[in-house]
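**Q** Using my numbering, read the sequence shown as starting at 151 and increasing by one per residue.
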Amino acid sequence: MNSDQENKAFHEKDLAWNKADALLALMSLSEKLGQLQQLDGGISKKALPQLIEEGKVGSVLNEANPMLIAQYQKIALEKSRLGIPLLIGRDVIHGFRTLFPIPLAQSASWNLDLVELGTRIAAKEATAVGINWTFAPMIDISRDPRWGRVAESPGEDPFLTTQMGLAMIKGFQGKQQYKDGNIAACAKHFAAYGLAEGGRDYNSANVGERQLREIYLRPFLAAAEEEVMSFMTSFNEINDIPASGNQFLLKEILRKEWNYQGMVVSDWESITEMIAHGYCKDKKEAAFKAMRAGVDMEMASTSYNEYLENLIKEKKIELSQIEVAVRRILYMKFKLGLFENPYPRTKNTDSILSNPHLEAAKQAAMESMVLLKNKNALLPISDEVKSLAIIGPLADAPHDQMGTWAFDGQKADSQTPLKAFQQMGSKDLEINYAPGLKISRTKDHDGFGAAIEAAEKSDLVLYFVGEESILSGEAHCRAHLNLPGAQEALLEELSKTGKRIVLIVMAGRPLILTDLLPQVDAVLYAWHGGTMAGPAIVDVLTGKENPSGKLPITFPRAVGQIPMYHAKKNTGRPATEGNWVPMDKIPVEAGQTSLGNTSHYLDEGFRPLFPFGYGMSYSSFAYNNLKVSEAKMTVASTISVEVEVSNTGKKDGKEVVQLYVQDLFGSVTRPVKELKGFQKIFLKAGEKQIVPFEISSKTLEFYDADLNLTTEPGAFKLWIGSDSNSSEFVSIELTE
Ligand code: NOJ
151 MNSDQENKAF HEKDLAWNKA DALLALMSLS EKLGQLQQLD GGISKKALPQ LIEEGKVGSV
211 LNEANPMLIA QYQKIALEKS RLGIPLLIGR DVIHGFRTLF PIPLAQSASW NLDLVELGTR
271 IAAKEATAVG INWTFAPMID ISRDPRWGRV AESPGEDPFL TTQMGLAMIK GFQGKQQYKD
331 GNIAACAKHF AAYGLAEGGR DYNSANVGER QLREIYLRPF LAAAEEEVMS FMTSFNEIND
391 IPASGNQFLL KEILRKEWNY QGMVVSDWES ITEMIAHGYC KDKKEAAFKA MRAGVDMEMA
451 STSYNEYLEN LIKEKKIELS QIEVAVRRIL YMKFKLGLFE NPYPRTKNTD SILSNPHLEA
511 AKQAAMESMV LLKNKNALLP ISDEVKSLAI IGPLADAPHD QMGTWAFDGQ KADSQTPLKA
571 FQQMGSKDLE INYAPGLKIS RTKDHDGFGA AIEAAEKSDL VLYFVGEESI LSGEAHCRAH
631 LNLPGAQEAL LEELSKTGKR IVLIVMAGRP LILTDLLPQV DAVLYAWHGG TMAGPAIVDV
691 LTGKENPSGK LPITFPRAVG QIPMYHAKKN TGRPATEGNW VPMDKIPVEA GQTSLGNTSH
751 YLDEGFRPLF PFGYGMSYSS FAYNNLKVSE AKMTVASTIS VEVEVSNTGK KDGKEVVQLY
811 VQDLFGSVTR PVKELKGFQK IFLKAGEKQI VPFEISSKTL EFYDADLNLT TEPGAFKLWI
871 GSDSNSSEFV SIELTE
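1) Assign residue 730 to one of three DSSP states: helix, strand, or coil.
2) Indicate the three-state DSSP secondary structure (helix, strand or coil) for residue 151 in the structure shown.
3) Where DSSP assigns a beta bridge to residue 860, which residues make up the other side?
4) Would a C-beta distance cut-off of 8 Å place residue 649 and residue 520 closer than the cut-off?
5) What whole-angstrom Cβ distance do residue 417 and residue 385 have, given they're in contact under 8 Å?
6) Hey, quick one: how far does the beta strand (DSSP E) through residue 601 stretch, first residue to last?
7) CA-CA distance, residue 759 and residue 718?
8) Does the beta carbon of residue 838 fall short of 7 Å from some heavy atom of the ligand NOJ?
9) Please determine whether the Cβ atom of residue 418 lies at a distance below 7 Å from any heavy atom of the ligand NOJ.
10) Please report how far the alpha carbon of residue 177 lies from the alpha carbon of residue 185, in whole angstroms.
11) Drop a sphere of 10 angstroms on the beta-carbon of residue 432, count the other beta-carbons inside from all chains shown, and report buried for 16 or more, exposed for fewer.
12) So, for residue 272: in the same chain, excluding its five sequence neighbours on each side, which residues have a beta-carbon less than 6 Å away from its beta-carbon?
13) Output needed for residue 824: all residues of its chain with C-beta closer than 6 Å, excluding positions within five of it in sequence on either side, in chain order.
14) Please report how far the alpha carbon of residue 224 lies from the alpha carbon of residue 237, in whole angstroms.
15) If you check the beta carbons only, do residue 443 and residue 406 fall under 8 Å apart?
16) For the alpha helix (DSSP H) holding residue 942, just list the boundary residues, first then last.
17) The ligand NOJ heavy atoms versus the CB of residue 338: any closer than 7 Å?
18) Kindly list the residues whose CB is nearer than 7 Å to the CB of residue 320, restricted to its own chain and excluding five residues on each side of it in sequence; keep chain order.
19) Assuming residue 523 and residue 672 make a contact with CB atoms under 8 Å, what is their CB distance in whole Å?
20) Tell whether a beta-carbon distance below 8 Å holds between residue 773 and residue 795.
21) How many Å lie between residue 733 and residue 360 at the Cα?
22) To test your reading of the DSSP string, which unbroken beta strand (DSSP E) runs of 3 or more residues are found completely within the segment 791-816?
23) Taking the alpha carbon of residue 787 as the point to measure from, which residue in 745, 855, 885, 458 has its own alpha carbon closest?
24) Rank 711, 791, 785, 789 by C-alpha distance to the C-alpha of residue 753 and give the top, closest one.
25) At a cut-off of 7 Å, would you count residue 385 as near the ligand NOJ, judging by its Cβ distance to the nearest heavy atom?
26) According to DSSP, which residues form a beta bridge with residue 537?
27) Taking the alpha carbon of residue 411 as the reference point, which residue from 498, 852, 167 has its own alpha carbon closest?
28) Going by DSSP, what residue range makes up the beta strand (DSSP E) through residue 774?
29) Assign residue 295 to one of three DSSP states: helix, strand, or coil.
30) Which residue comes first and which comes last in the beta strand (DSSP E) that contains residue 843?
31) Just to confirm, are residue 208 and residue 328 a CB contact at a threshold of 8 Å?
32) Could you name the residues of the same chain whose beta carbon sits closer than 6 Å to that of residue 880, not counting the 5 residues immediately before and after it, in chain order?
33) Unbroken beta strand (DSSP E) runs of length 3 or more, entirely within the segment 309-364: which are they?
34) Spatial neighbours of residue 258 within its chain, please: CB distance less than 6 Å, with the 5 preceding and 5 following residues excluded, ordered by chain position.
35) Answer yes or no: the CB of residue 544 versus the heavy atoms of the ligand NOJ, is any distance below 7 Å?
36) Report, in whole angstroms, the separation of the C-beta atoms of residue 548 and residue 589, which I expect to be a contact under 8 Å.
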């Protein structure tokens, strides 16, 4: 079938297209243009109802008041000429009122079912107020923790990001009918937004087409195949063309190659921002270039409504182009069932912050935490500890633990670590609380005295550090990734007390922990864990829950190493232990070539602080008997590789078993390791399990120099291990 036939076949299957066509036939040009307009709910509350009545608005964003939403839908349905309901869009990113951990943290859980459940819950709560469309999942690969939006992404890896994105889409969209608590999802930001130069938000992305497809587009292709109902363009320019006017991305790839049928919305004013980019001289040209590229709906700015009519008259834009866009928007509304049921699903109101929702949020927070250090098995906190010092600006920060994009969360709902410890209410455990610092950026040392006193009179110090939520997220990028304010200075003072210290880090990104590690006995990376972060942290610290999170992003030793990620290239001169000389060991006046010329930093070497996929447990897991069913395979065959994983510790626990692949030689160079599969398994203490993975040519495929997705005969290594650093591998050969 050619793509026209495919489109026809697709449309014939789906009555919503017929309904969209029938409605389209009745519409005036002004009504058509109206559907392309998304307006901010914050604009004049008087103007909006009028515009809706006139059929000049297709969608409203940033409105979560159910009364107003109901009023707007009623006007749209009953007063506008054609009675077309509104899409009510909102950033429901990691929960609605019940907040789950930030997406980067959820990715650290590697638990797809839990992630899907989280988005299912978010959708249900959002429908209670009338939201029928979320601007999530964000599936931008991010390899730069300076970038504030790393908090919102599933991390550095295309495979993990793809799986997370699919789980989220399934959870949000369910079977698509809004009346059943489902909302439309939106794959964003198309594309390469996470590649912002220097980690500065909105900045340019420069990337070769092969890498663009191989790394940055993969999660989007999967989202399109999963029939995500919408895509959002990104703010950045890619190879010198802004995404919102990028015909190559939107027309050639998304529409023609991928045959994507859903709707594309711009980002906030990203159409008119093409003027500042220097790509359009005025709003009219911006409207022209965005429509030409195939952006269906304009978010917040109004260039389409101001100029498309003239552009049609001038024959620069065909009416049929506009109709294609309107048709997609109408299709989405029919698909969601909004014509019959546009109103807030008030029967879902009772579920907001319900116990099952809070329990799921707590489970997600627990499984997201990553145990990075645990000297002498200090954690879980033993019964011998009779007094705890709870110190640090994040111990009782109900607002900040919600994380970025918490529009509908309320700090009064947040359960903080301090409160959770206090509520444990054990007579045998004394709690000595002294924050030491008011907020994460506090520079003065006024609270140090009380904090040190609390530490001195306690058996164990729990020091809650990190970043306020405002320090990550959109446009919140940082050049330094140390703990802000005087948090590091306070740690130095606390460590002088000689007390054992557990560092609990609550942050929206990987922070640089290199100098902090030696000063503490244990580190639990808790991210911004959402509404239930407190009880979740308490359960993990006390051993009620065994930590099982693994890093979804590499933790560098120093900012200067960024970007640092596991799927790197080997180079012609890879560094290994022993073939480079650390800076302080270089002999005086050493000869230029005497040190071994390899790819590393003199001062920080070549390794990260913690590799991708890393995370400890209170138990230990042994990997044995790694083997393949056959060492040779063909493009048409499937083999399996398996390993026996045993829980050799004393506690039941979950382990994320990870499969990595290396294609040793190719027509283009391949990364040293690529994640190609994972399974999160539960093993009781002493139990073991064989964990198999299927290897087919799909596992081994890549984009070649001609941009064909292909496999090449040759030699491959397969690793199954507990992180990206595992060393046990088996070799296989692929033949024609
Ligand atoms: C800008 C952000 O980039 C995007 O992700 C978000 O959905 C919109 N604003 C709407 O709030």
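Note that CB positions come from ideal geometry on N, CA and C, so glycine has one too.
**A** The relevant details are as follows:
1) Residue state for residue 730 is assigned as coil, using DSSP reduced to three classes.
2) Bear in mind that the predicted position of residue 151 carries a pLDDT of just 48, short of 50, making it unreliable; the figure below should be weighed with that in mind. DSSP places residue 151 outside both helix and strand once states are collapsed to three, so it counts as coil.
3) According to DSSP, which records beta bridges pairwise, residue 860 is partnered with 852.
4) Not in contact: residue 649 and residue 520 (Cβ atoms no closer than 8 Å).
5) With 8 Å as the limit, residue 417 and residue 385 qualify as a contact, their Cβ atoms being about 5 Å apart.
6) Residue 601 -> not in any beta strand (DSSP E); alpha helix (DSSP H) instead, spanning 598-606.
7) The straight-line gap from Cα to Cα measures roughly 16 Å.
8) For residue 838, the distance from the CB to the nearest heavy atom of the ligand NOJ is not below 7 Å.
9) At least one heavy atom of the ligand NOJ is nearer than 7 Å to the Cβ of residue 418, so yes.
10) Note on geometry: alpha-carbon atoms of residue 177 and residue 185 lie some 10 Å from one another.
11) Under a 10 Å Cβ-count criterion, residue 432 is classified as exposed, with fewer than 16 other Cβ atoms of the shown protein chains found around its own Cβ.
12) Result list for residue 272: 242, 245, 246, in chain order.
13) Cβ neighbours of residue 824 within its own chain (closer than 6 Å, five residues either side excluded): 717, 811.
14) About 13 Å.
15) For residue 443 and residue 406, no; Cβs fall outside 8 Å.
16) Lying before the first or after the last residue shown, residue 942 is absent from the chain, which here runs from 151 to 886.
17) Yes.
18) Same-chain partners within the cutoff: 266.
19) Contact between residue 523 and residue 672 holds, with the beta-carbon distance rounding to 5 Å and staying under 8 Å.
20) Yes, these two residues count as a Cβ contact at 8 Å.
21) Counting only the Cα atoms, residue 360 lies some 36 Å from residue 733.
22) Counting only runs of 3 or more, we get 803-813.
23) Comparing Cα-Cα distances from residue 787 to each of 745, 855, 885, 458, the minimum goes to 885.
24) Looking from the CA of residue 753, the closest CA among 711, 791, 785, 789 belongs to 711.
25) Yes; taking the cut-off as 7 Å, the Cβ of residue 385 has a heavy atom of the ligand NOJ nearer than that.
26) Looking at the DSSP assignment, residue 537 forms a beta bridge with 580.
27) For residue 411, the closest alpha carbon among the candidates 498, 852, 167 is that of 167.
28) Residue 774: member of the beta strand (DSSP E) spanning 771-778, first to last residue.
29) If DSSP states are grouped into helix, strand and coil, residue 295 belongs with coil.
30) Per DSSP, the continuous beta strand (DSSP E) segment holding residue 843 begins and ends at 838-845.
31) Contact: no.
32) Counting only Cβ-Cβ distances below 6 Å, and skipping sequence neighbours, we find 776, 778, 868.
33) Listed in chain order, the beta strand (DSSP E) runs fully inside the segment 309-364 are 336-340, counting runs of at least 3 residues.
34) Contacts found: 518, 520, 699, 702.
35) Relative to the ligand NOJ, the beta carbon of residue 544 is positioned no closer than 7 Å to any heavy atom.
36) Contact doesn't hold; Cβ gap of about 13 Å is too wide.
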